[in-house]
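Student: Numbering (the numbering used here), first residue to last: 10 to 356.
Glycine included, C-beta positions come from ideal geometry on N, C-alpha and C.
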Amino acid sequence: MTITPDIAIADLPGAADDTVILSELESNVARARNAAIDFAAAGPGTASPFGFRGSEADRVRARDCLALAGMAEAGGGDADQRAVMQVILNRVRHPAFAGTVCGVVFEGSQRPTGCQFSFTCDGSLARRYSDAAWRTARERAEEMLGGATHAPVGNATHFHADYVYPWWSDRLDKVAQVGPHIFFRWRGYWGSRTALSASYRGAEPDPLALRQTALAVAEANPLPTLLQSGEAVRSITSQIPAQATEGGQGAPPSPGAGVHFVLVARGESPQTLVERARGLCSGEGYCRVQGWSEADAIPRGLPLTDEARRAMRFSFVAAGAGGQEAIFLDCRTFPAPGIGTCLPARP
């Protein structure tokens, strides 16, 4: 009997050209929503061992891309990393995604809002890992490329952290949870083991070139992966171009990764501004706070226009693996600030 697809890939929720995370909810609300979704009765299915076919160079590239994704997405846990690696290898064999390991890992990272794995577009590529972390992750990647499988996630092709709630979360089959990550697969034919039929033939793209492209796109469009409004008048994410709050009313502040657009008062102390920015950026991940003294001047989205840059009064980038804390102020608005550096004058 021949099984045929019941729906086009492009029409599926969480399709390959979607971003991985889309959530407007507070983390506690998202967790409650996620917990309310039952696991699919059919379970995760049984993953097939990956059949590697490629050159020695392909093997090294695939191993390092798989190891990097495991560390970046799942931390250092054995089960967590293997679960993420299994999803990547499932995607390599699924017609909805790229046909190489590095291609899957960096899929969409050449677009400002299209990355499939958030670490390739939120600044996390600048993170550095210890030799020990690399060694362990590479060993796991080698095992997975050599045919090891991670049974708990089976044939899953999607996952997200439990503190976010993508729009597609209740439209896919929820099949497993490993640590803080929930794993899914499409319903119907595209979620079946039969759909994972593409043959891997090597031809891995150069991960260094992919990384440089992704970093350039992320630098030009510094977009975070998780909406956290905090005290911001507007917080920008890669998934939601603009989110407004009314002068800080509504939900309580939620510090975290993001690009936060805030309203600053001309009489405020620069030190107070910096402390507020540090509070907004108290979590992990890329975080930037930018301020304007007029609400109408706050832009609707990224990248910033020249007009928005001219009107900017304050800019803060949190310290992270990619560099030191950076503070800039409009010294016409805040004369002799005593902290940070003056924003360059713009005609």
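(1) Should ALA39 be flagged as near chain D, meaning a C-beta pair shorter than 7 angstroms?
(2) Taking the alpha helix (DSSP H) that LEU282 belongs to, which residues open and close that run?
(3) Where do the N-terminal and C-terminal ends of the beta strand (DSSP E) with SER324 fall, by residue?
(4) Applying the criterion that 16 or more other CB atoms from any shown protein chain within 10 Å of the CB defines a buried residue, is ILE336 buried or exposed?
(5) Is ILE97 closer than 7 angstroms to ALA78 when the C-beta atoms are compared?
(6) Relative to the C-alpha of TRP195, which residue among SER133, ALA105, ASP171 is closest?
(7) In the segment 111 to 170, which residue ranges form an unbroken beta strand (DSSP E) of at least 3 residues, counting only runs that do not cross its ends?
(8) Quick one: what's got a C-beta closer than 8 angstroms to ARG40's C-beta in the same chain, skipping five residues either side?
(9) According to DSSP, is ALA185 helix, strand or coil?
(10) Tell me whether CYS351 is buried or exposed, calling it buried when 16 or more other Cβ atoms sit within 10 Å of its Cβ.
(11) In terms of residues, what are the limits of the beta strand (DSSP E) holding GLY300?
(12) Report buried or exposed for TRP199, applying the criterion of at least 16 other Cβ atoms within 10 angstroms of its Cβ.
(13) Are the beta-carbon atoms belonging to PHE59 and LEU154 less than 7 angstroms from one another?
(14) Is the beta carbon of GLY211 closer than 7 angstroms to that of SER118?
(15) Just the Cα atoms here: how many angstroms apart are ALA204 and HIS103?
(16) Quick check on the burial criterion: 16 or more other C-beta atoms within 10 angstroms. Buried or exposed for SER238?
(17) How big is the Cα-Cα spacing for GLU213 and GLU151?
(18) To the nearest angstrom, report how far apart GLY108 and GLU116 are at their CA atoms.
(19) Rank ALA354, TYR138, CYS74 by C-alpha distance to the C-alpha of VAL114 and give the top, closest one.
(20) Between TRP301 and ARG287, how many whole angstroms is the CB-CB distance? I'm expecting something under 8 angstroms.
(21) Between the segment 48 to 59 and the segment 178 to 197, can you find at least three pairs of beta-carbon atoms closer than 8 angstroms?
(22) Where do the N-terminal and C-terminal ends of the alpha helix (DSSP H) with ALA76 fall, by residue?
(23) DSSP on THR350, reduced to helix/strand/coil?
(24) For GLY163, verify whether its CB is less than 6 angstroms away from any heavy atom of the ligand HEM.
(25) Going by beta carbon distance, what residues of the same chain come within less than 6 angstroms of ARG42, once the five residues before and after it are set aside?
(26) Mapping DSSP to helix, strand and coil, what is ILE191?
(27) How would you write the range of the beta strand (DSSP E) that ILE336 sits in, first residue to last?
(28) Could you give the residue range of the alpha helix (DSSP H) that holds VAL268?
(29) Short check: CB of VAL298 to CB of LEU289, under 7 angstroms?
(30) Using only the alpha-carbon positions, how far apart do CYS124 and SER178 sit?
Tutor: To lay it out plainly:
(1) Considering every chain present, this structure includes no chain D. It has just one protein chain.
(2) That run of the alpha helix (DSSP H) goes 279 to 289.
(3) Looking at the DSSP string, the run of the beta strand (DSSP E) that includes SER324 is 321 to 326.
(4) The residue in question, ILE336, is buried, as its Cβ has 16 or more Cβ neighbours within 10 Å.
(5) In contact: ALA78 and ILE97 (Cβ atoms closer than 7 angstroms).
(6) Distances from the alpha-carbon of TRP195 to those of SER133, ALA105, ASP171 put ALA105 closest.
(7) As far as the segment 111 to 170 is concerned, its whole beta strand (DSSP E) runs of at least 3 residues are 167 to 170.
(8) These residues qualify, in order along the chain: ASP171, TYR172.
(9) Note: ALA185 maps to strand in three-state DSSP.
(10) Exposure of CYS351 is indicated by the presence of fewer than 16 other C-beta atoms within 10 angstroms of its C-beta.
(11) It spans 296 to 301 - the beta strand (DSSP E) in which GLY300 sits, taken as one unbroken run.
(12) Burial check for TRP199: the Cβ neighbour count within 10 Å reaches 16 or more, so the residue is buried.
(13) Cβ distance < 7 angstroms, so PHE59 and LEU154 count as in contact.
(14) Contact flag unset, no.
(15) Approximately 6 angstroms, taken between the alpha carbons.
(16) At SER238 the pLDDT is 30, less than 50, meaning the model places this residue with poor confidence; the figure from the coordinates comes in the next sentence. SER238 is buried by the Cβ-count criterion.
(17) Using only the alpha carbons, I get a separation of about 15 angstroms.
(18) If I take the Cα positions, the gap works out to 10 angstroms.
(19) Restricting attention to ALA354, TYR138, CYS74, the CA atom closest to the CA of VAL114 is found in CYS74.
(20) Their Cβ separation, rounded to whole angstroms, is 19 angstroms, which puts TRP301 and ARG287 out of contact at 8 angstroms.
(21) With the rule of 3 Cβ pairs closer than 8 angstroms, the segment 178 to 197 counts as touching the segment 48 to 59.
(22) Looking at the DSSP string, the run of the alpha helix (DSSP H) that includes ALA76 is 65 to 83.
(23) Assigned with DSSP and collapsed to three states, THR350 falls in strand.
(24) Absence of the ligand HEM from the depicted structure is noted, as is the absence of any ligand whatsoever, leaving it without description.
(25) These residues qualify, in order along the chain: TYR174.
(26) Looking at ILE191 - three-state DSSP - the assignment turns out to be strand.
(27) Element bounds for ILE336: 335 to 338.
(28) Where VAL268 is concerned, there is no enclosing alpha helix (DSSP H), although the beta strand (DSSP E) it sits in stretches over 267 to 272.
(29) Note that the C-beta distance between VAL298 and LEU289 is below 7 angstroms.
(30) Approximately 18 angstroms between the Cα atoms of the pair.
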